[in-house]
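Numbering (the working numbering), first residue to last: -3 to 60.
Where a beta carbon is used, it is the ideal one built from N, C-alpha and C, also for glycine.
On a predicted model such as this, the values are computed, not experimentally measured, just so you know.
Below is one structure, written out as structure tokens, with a few remarks after it.
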Amino acid sequence: MSKRSSKDTVFGLPEIVKCAKCGYVLYKGNDLIPPRDIVKKFNGKCPRCSSTLNQNPVSIEVRG
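What follows is the structure in structure tokens.
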């Protein structure tokens, strides 16, 4: 087993979670938060359009 050097440090990637219906940003940050925790924070409803939030991502987009 090899030792990790400071070059091997992995930095958090930004996460953005939006309402699938209206695009309201529910979460934006460098820490990966499970979708169920974000849905729970908003009591399962989008604060802008009141649509029901799903714990399973509708789409995932990776940009690099």
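Problem set entry | Classification of residue 55 by the beta-carbon crowding that lies within 10 angstroms, buried from 16 upward | With a 10 Å radius around the Cβ and a threshold of 16 neighbouring Cβ atoms, residue 55 comes out exposed.
Exercise. Which stretch, first to last residue, makes up the beta strand (DSSP E) that contains residue 14?
Worked result: Judged by DSSP secondary structure, residue 14 falls within the beta strand (DSSP E) whose first and last residues are 11 to 14.
Exercise. Between the C-alpha atoms of residue 51 and residue 58, what's the straight-line distance to the nearest angstrom?
Worked result: Answer to the nearest angstrom: the Cα atoms are 19 Å apart.
For this session: For residue 49, count neighbouring Cβ atoms within 10 angstroms of its own Cβ and tell me buried if that reaches 16, exposed if not.
Result: Under this definition residue 49 is a buried residue.
Exercise. So what does residue 24 bridge to, in DSSP terms?
Worked result: Paired residue(s): 12.
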